[in-house]
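Inspection log for the structure reproduced underneath, given as structure tokens.
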Amino acid sequence: LVIESAELKLIELPLLNPFRIATGTMVKKTIPIVVVRAGGYEGYAEGVADVLPDYLPETIVSSMMMIRDVFLPQVVGKPLTNPQAVERLFRPWRDHQMAKASVEMAIWDLWAKSQGLPLWQILGGTRSEVEVGVSLGIKEIARTLQDVEIHVQQGYRRIKLKVMPGHDLKLLDAVRARFPDVHLTVDANCCYTLADLPILRAMDKYNLDYIEQPLAWNDLHDHVKLQAALATPICLDECIRTLPDARKALASDAGRVVNIKVGRLGGHTVAKQVHDLCLSYHVPVWCGGMLEAGIGRAHNIHLCTLEQFSRPGDTSSSSRYFERDIVLEKLETENGLMPIPASGAGIGVTMDWDYVEAITLSSESFRA
Ligand code: OSB
Ligand code: MG
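376 is the number that the UniProt record's numbering gives the last residue of the sequence shown; the numbers go up by one with no jumps.
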């Protein structure tokens, strides 16, 4: 496979509702899009960096610079024997997983299309249905109760509540009182410290499936201490950016569940390696999200077909976030299940180029 040309676009989509988490509020999605071309096929991916480095250190600007100046020049015009080779090619450069992922994932899509196969099959997936939950942003407790009600009724398999200091135990009291049996989790996006141990221990009484990323994004050691003090499993998100991160986390019992985000891990190759490691530890995994539009959402769904994705993921209906998506297919759940997009090979979706053109902020072309 020789990539003949590529494109890097930046698009901006309005979000239907502001999405508030411990570290900030998102009101629109700015997305770098990578397109790679070979032999009449096109592969697509979305970058997941935010405008500000408030989730992890990468930003839209830093990831676009790395894609443009470092990663695309390594692959355009160069022969690739398989998509795994891309991970090896990028490995000498430190970090920048989100930038790496957007190039690597586009190449996986292109590769699958050139083989005439759906991406899930190329990745080695075995599941034909993908179970999903929802991630509910921070709102007043009364609004959150309505939100939970709506999504439980729609059949979502797990409710994840975003929490932060001052918005945690009272929220859990209210939600558990109304919904004693739903699969419930919280996501703190790193906003507690070990000084908050009394609050985190108090969460044990709500029968949560797990507490997602309670402590700092770069501190596995404190998560080890916390996990030893809790009955509830910790699920790691921000702390797992590489395969060695996952190895250290599992070997030290820093968490007992892993949120796999392909965009955070540098692409499908590492996502699958982390998945396989978790499988060997009997640690359940699920697929996280970054409010992706249709391309990123489709990649996530295909990835979720791997066997150890035994817990409902965050890849809920696109219509919860966007009035109009960038792909023509509707990526919508039915009774808590997300169908695997299958319009043709690869990620199985068709670009809505009219809409993409209308929301494009910049576009750059690369040729061999
Ligand atoms: O921590 O999982 C997270 C969204 C943006 C940044 C971080 C996170 C999230 C979500 C939303 O929880 C998941 C989704 O619906 O895509
Ligand atoms: Mg998270």
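Every residue gets a Cβ at the ideal spot worked out from N, C-alpha and C, and that includes glycine.
Just so it is clear, the structure is predicted and the values come from calculations on it, not from any experiment.
The ligand MG heavy atom lying under 7 Å from the CB of residue 220: By 1-based counting over the sequence shown, the position of residue 220 is 212. Residue 220 Cβ: within cutoff of the ligand MG.
Proximity test, residue 304 beta-carbon vs the ligand MG heavy atom, cut-off 7 Å: As a first step, residue 304 must be located in the sequence shown, where it is residue number 296. It does not: the Cβ of residue 304 is nowhere closer than 7 Å to a heavy atom of the ligand MG.
Residues near residue 216 by beta carbon distance below 7 Å, same chain, minus five either side: Residue 216 sits at position 208 when you count from the first residue of the sequence shown. Taken in chain order, the residues that qualify are 192, 193, 194 and 240.
Assigned exposure category for residue 267 - 16 Cβ within 10 Å defines buried: Counting from one through the sequence shown, the residue named residue 267 turns up at place 259. By the 10 Å Cβ count, residue 267 comes out buried.
Secondary structure of residue 323, DSSP reduced to three states: As a first step, residue 323 is located in the sequence shown; it is residue number 315 there, counting from the start. Coil.
Secondary structure of residue 294, DSSP reduced to three states: Your numbering for residue 294 matches position 286 in the sequence shown. Correct three-state label for residue 294: strand.
Closest by C-alpha distance to residue 171, when choosing among 157, 136, 140 and 223: Position 163 of the sequence shown, counted from the start, is the residue given in the question as residue 171. Cα-wise, what sits closest to residue 171 is 223.
Through-space distance from residue 326 to residue 368, alpha-carbon basis: Translated into the one-based positions of the sequence shown, residue 368 becomes position 360. Translated into the one-based positions of the sequence shown, residue 326 becomes position 318. Distance between the alpha carbons of residue 368 and residue 326: 19 Å.
Other residues of its chain near residue 87: CB distance less than 8 Å, five sequence neighbours each side excluded: Working through the sequence shown from its first residue, we reach residue 87 at position 79. Answer for residue 87: 9 and 10, listed in chain order.
Nearest to residue 54 (by Cα), restricted to the options 366, 183, 352 and 274: Counting from one through the sequence shown, the residue named residue 54 turns up at place 46. Minimum Cα distance to residue 54 is reached at 274.
Test item: CB-CB of residue 37 and residue 371 under 8 Å: Residue mapping note: residue 37 aligns to position 29 of the sequence shown, counting from 1. Residue mapping note: residue 371 aligns to position 363 of the sequence shown, counting from 1. No, the Cβ-Cβ distance between residue 37 and residue 371 is not below 8 Å.
Closer than 7 Å: residue 363 CB and nearest the ligand OSB heavy atom: Numbered from its first residue, the sequence shown carries residue 363 at position 355. Residue 363: no, Cβ never under 7 Å from the ligand OSB.
beta-carbon residue 343 near the ligand MG non-hydrogen atom, thresh 7 Å: Here residue 343 refers to the residue found at position 335 when the sequence shown is read from its first residue. False, no ligand heavy atom lies under 7 Å from that Cβ.
The alpha helix (DSSP H) enclosing residue 113, as first and last residue numbers: Counted from its first residue, the sequence shown places residue 113 at position 105. Element bounds for residue 113: 105 to 122.
Option nearest residue 149 by Cα separation, candidates 174, 130 and 161: The residue labelled residue 149 in the question sits at position 141 within the sequence shown. Residue 174 is the option with its Cα nearest to residue 149.
Separation of residue 50 from residue 358, as counted between CA atoms: Stepping through the sequence shown from its first residue, residue 358 is reached at position 350. Stepping through the sequence shown from its first residue, residue 50 is reached at position 42. If you draw a straight line from the Cα of residue 358 to the Cα of residue 50, it comes to about 11 Å.
Among 72, 209, 295 and 212, the one whose alpha carbon lies nearest that of residue 248: By 1-based counting over the sequence shown, the position of residue 248 is 240. Ranking 72, 209, 295 and 212 by Cα distance to residue 248 puts 295 first.
Beta-carbon proximity of residue 165 to residue 137, cut-off 8 Å: As a first step, residue 165 must be located in the sequence shown, where it is residue number 157. As a first step, residue 137 must be located in the sequence shown, where it is residue number 129. Cβ distance not < 8 Å, so residue 165 and residue 137 don't count as in contact.
Collapsed DSSP secondary structure at residue 182 in the structure displayed: The residue given as residue 182 occupies position 174 in the sequence shown. Here residue 182 sits in helix by DSSP.
heavy atom of the ligand OSB below 7 Å from residue 63 C-beta: In the sequence shown, residue 63 corresponds to position 55, counting from 1. Residue 63 Cβ: within cutoff of the ligand OSB.
DSSP state of residue 98 mapped onto helix, strand, coil: On the sequence shown, residue 98 is found 90 positions in, with the first residue counted as 1. It is helical.
The ligand MG heavy atom lying under 7 Å from the CB of residue 227: What you label residue 227 is simply residue 219 of the sequence shown in a count that begins at 1. No.
Beta-bridge partners of residue 159, as assigned by DSSP: The sequence position of residue 159 within the sequence shown is 151, counting from 1. Answer is none; residue 159 lacks a bridge partner.
Start and end residues, beta strand (DSSP E) containing residue 78: Looking up residue 78 in the sequence shown gives position 70. Per DSSP, residue 78 is not a residue of any beta strand (DSSP E), being assigned neither H nor E.
Residue environment, residue 31, which counts as buried when at least 16 other CB atoms sit within 10 Å: Position 23 of the sequence shown, counted from the first residue, corresponds to residue 31. Residue 31 should be labelled buried.
Residue 29 beta carbon near the ligand OSB (any heavy atom closer than 7 Å): By one-based count along the sequence shown, residue 29 stands at place 21. Checking every heavy atom of the ligand OSB against the Cβ of residue 29, one is found closer than 7 Å.
Given 8 Å, three or more beta-carbon pairs between the stretch 175 to 186 and the stretch 149 to 159: The answer is yes - the stretch 149 to 159 touches the stretch 175 to 186, with three or more Cβ pairs under 8 Å.
Residue 267 in three-state terms, based on DSSP: Working through the sequence shown from its first residue, we reach residue 267 at position 259. Here residue 267 sits in strand by DSSP.
When 213, 107, 316 and 337 are compared against residue 283, the one with the closest alpha-carbon: Here residue 283 corresponds to residue number 275 of the sequence shown, with the count starting at 1. The option with the nearest alpha carbon to residue 283 is 316.
Residues near residue 85 in its chain [Cβ-Cβ closer than 8 Å; skip 5 each side]: Against the sequence shown, residue 85 aligns to sequence position 77. So the qualifying residues of the chain are 10, 11, 12, 375 and 376.
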